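The structure under discussion appears below in the form of structure tokens.
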Amino acid sequence: FNIYSHPVALAFHLLFRTGAIAIYLFGRLFTTNFSLIFIICVLLLSFDFWTVKNVTGRLLVGLRWWNDIQPDGTNAWVFESRDPSRPVNPIDSRIFWISLYVALVIWLFLAFLTLFNPEWLLIVIVAIILNMANVVGYTQCDKDAKKKWAASFA
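Quick note on the working numbering: the sequence shown kicks off at 2 and runs consecutively.
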């Protein structure tokens, strides 16, 4: 655990996303109750979305994003990034980014496999939407942080 800066955050970062995929893939081995599998998957996906967006992104890569509704009703993306003088742990960062993209790719692959089964496709659609939101948010946040960092040297 000495190689990780935030082992508990890293564990939860991986636990919720792998848990949702595992329940989706193997839940039918333990129960035939689709509703139970659906509820557990959606809860795990929701926990994953919230944890990645509000905790692990900040701790593991020094980034945070949110969408702010302006008084005129328009949306504005807000990005926060760590001070460049405080570098992130490269192992934490690598695990964060790889798991962020790999989880989305897995859910997209599962969508293709489940295309003609609307009941199971519903879980996959929820997963893709929540994962895609974090992928887009963090990708944009990372670009914004790099722009700010480059501008500070110019």
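Yeah, the Cβ is synthetic: ideal placement off N, Cα and C, and Gly gets one too.
Remember, predicted model here, so these are calculated numbers, not experimental data.
Taking a contact to mean a Cβ-Cβ separation below 8 angstroms, would you say residue i touches residue j in this structure?
i    : j    : result
F97  : H14  : yes
S82  : K149 : yes
L109 : V136 : no
I107 : I22  : yes
L64  : A146 : yes
I129 : Y5   : no
F48  : Q141 : no
Is it right to say residue i is buried, meaning 16 or more other beta carbons lie within 10 angstroms of its own, or is it exposed?
i    : result
F31  : exposed
W51  : exposed
D84  : exposed
G74  : exposed
W121 : buried
T57  : buried
V53  : buried
A77  : exposed
K26  : At residue 26 the sequence reads Leu, which differs from the Lys that was named. Answer is exposed; the Cβ neighbour count stays below 16.
L114 : exposed
L111 : buried
Assuming residue i and residue j form a contact by the criterion Cβ under 8 angstroms, report the distance between their Cβ atoms to the nearest whole angstrom.
i    : j    : result
C42  : I24  : 5 angstroms
W66  : Y139 : 7 angstroms
L61  : L105 : About 17 angstroms; that fails the 8 angstroms criterion.
R124 : F39  : For the record, residue 124 in the displayed sequence is Ile; it is not Arg. With a Cβ gap of about 6 angstroms, I124 and F39 count as contacting.
L131 : L44  : Actually they are not in contact, since the Cβ atoms of L131 and L44 sit about 12 angstroms apart, beyond 8 angstroms.
List in chain order: all unbroken beta strand (DSSP E) runs of 3+ residues lying wholly within the segment 66 to 104. The DSSP assignment places 76 to 82 as complete runs of the beta strand (DSSP E) inside the segment 66 to 104, in order along the chain (cut-off: 3 residues).
Report the residue ranges of all beta strand (DSSP E) runs contained in full by the segment 36 to 70; include only those spanning at least 3 residues, in chain order. As far as the segment 36 to 70 is concerned, its whole beta strand (DSSP E) runs of at least 3 residues are 64 to 70.
Alpha helix (DSSP H) segments (min. 4 residues) lying fully within the segment 116 to 149: Counting only runs of 4 or more, we get nothing.
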